[in-house]
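**Student:** Numbering (my numbering), first residue to last: 224 to 491.
1. In the DSSP assignment, what are the bridge partners of residue 279?
2. According to DSSP, what are the bridge partners of residue 302?
3. Within a Cβ cutoff of 7 Å, which residues of the same chain sit near residue 342, ignoring the five residues on either side of it in sequence?
4. Specify the secondary structure class of residue 357 as computed by DSSP and reduced to three states.
5. Please tell me whether residue 265 and residue 322 are closer than 8 Å, where the distance is taken between their beta carbons.
6. Let me know if residue 481 comes out buried or exposed under the rule of 16 or more other beta-carbons within 10 Å of its beta-carbon.
7. For residue 446, which residues from the same chain have a beta carbon less than 7 Å from its beta carbon, with the 5 sequence-adjacent residues on both sides left out?
8. For residue 450, does the three-state DSSP call read helix, strand or coil?
9. Using a Cβ-Cβ cut-off of 8 Å (strictly less than) and excluding sequence neighbours within five positions of residue 466, which residues of its own chain qualify?
10. Only counting the same chain, and skipping five residues up and downstream in sequence, which positions put a Cβ closer than 8 Å to that of residue 286?
11. Short of 6 Å in beta carbon distance, which residues of its chain neighbour residue 371, apart from the five on each side in sequence? Order them along the chain.
12. Could you give the residue range of the alpha helix (DSSP H) that holds residue 313?
13. Short check: CB of residue 256 to CB of residue 361, under 8 Å?
14. Please classify residue 455 as buried or exposed, where buried requires at least 16 neighbouring CB atoms within 10 angstroms.
15. At 4 residues or longer, what runs of the alpha helix (DSSP H) sit wholly inside the region 408-477?
16. List the whole-angstrom C-beta distance separating residue 414 from residue 381, where the pair is believed to meet the contact cut-off of C-beta under 8 Å.
17. Please name the residue in 412, 476, 477, 458 whose C-alpha comes closest to that of residue 283.
18. Out of curiosity, what's the CA-to-CA distance linking residue 249 and residue 418?
19. On a CA-only basis, which of 300, 438, 420, 262 is nearest residue 353? Give me that one, please.
20. Which stretch, first to last residue, makes up the alpha helix (DSSP H) that contains residue 338?
21. So, for residue 345: in the same chain, excluding its five sequence neighbours on each side, which residues have a beta-carbon less than 8 Å away from its beta-carbon?
22. Can you give me the C-alpha to C-alpha distance between residue 367 and residue 388, rounded to a whole angstrom?
23. Let me confirm a value: residue 348 is counted as buried when at least 16 other C-beta atoms fall within 10 Å, else exposed. Which label applies?
24. Compute the distance between the beta-carbons of residue 412 and residue 431, then report whether it is under 8 Å.
25. Can you have a look at residue 473 and say buried or exposed, based on whether 16 or more other CB atoms are within 10 angstroms of its CB?
26. Going by DSSP in three states, residue 396 sits in which element: helix, strand or coil?
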């Protein structure tokens, strides 16, 4: 005789499919730089709309632990590891919009599955625009740090070189994030050093300060502080460690170039 609390096979499979969709929504938010509370609320609202009334989750910066309880029994549990990768806020925004559609009943599970697959490959802009934006960002921060117009022009070129190298070279080979950051900061610093040695720019420090700013981990650092203020110490420390490690790698890349410059050509 079948146990009274046991779900039928069709119900079981359907519930697991819906559960997987809910987890995918939270995963996409976290992996692309979204806040933990946003991932939690998105998953919670989607689970309620899909009828997963026993949904429970525990989220940290690099992991999702979730289960569904029915009639007093845990019948499905998922654990997802979330890598700390570059931020894609356009994907977070897209998942937020999908969450609203689900909450309002305008998106079926089948439609949601297709749309989530599209979100996974979504890009905010083309590589050319990202490279150009890096140049303008570097130039703006150089000028903000009291660099001259000549320094700003060099920083603009360094920002262009930085993201060209990052997108066209480093993203096409498999390297750890640490090495990518060190090499990227070294390339932008090397550009500034060569320009300065050729007589372009007035202050090497201002040029390098602006050039490396596109690499600064602003979003992870902000999220880390937010998590710590919300007493989520585990997630805050994970993101803070990632931000500090990135900052340290930037400093290593700059230091390598400046040291090499002094050894080969004397002082600045």
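Cβ atoms here follow ideal geometry from the backbone N, Cα and C, with glycine treated the same way.
**Tutor:** Taking the structure as given:
1. 290
2. Answer is 288.
3. 251, 314, 317, 318
4. helix
5. yes
6. buried
7. 258, 462
8. Correct three-state label for residue 450: helix.
9. 440, 443, 444, 447
10. 302, 303, 304, 305
11. 425
12. 312-326
13. No, Cβ-Cβ distance for residue 256 and residue 361 is not below 8 Å.
14. Residue 455 should be labelled buried.
15. 427-435, 441-452
16. 4 Å
17. Minimum Cα distance to residue 283 is reached at 458.
18. 46 Å
19. When each option's Cα is compared against that of residue 353, the closest is 438.
20. 332-343
21. Result list for residue 345: 311, 313, 314, 317, in chain order.
22. 25 Å
23. The residue is exposed, with fewer than 16 neighbouring Cβ atoms inside 10 Å.
24. yes
25. buried
26. Residue state for residue 396 is assigned as coil, using DSSP reduced to three classes.
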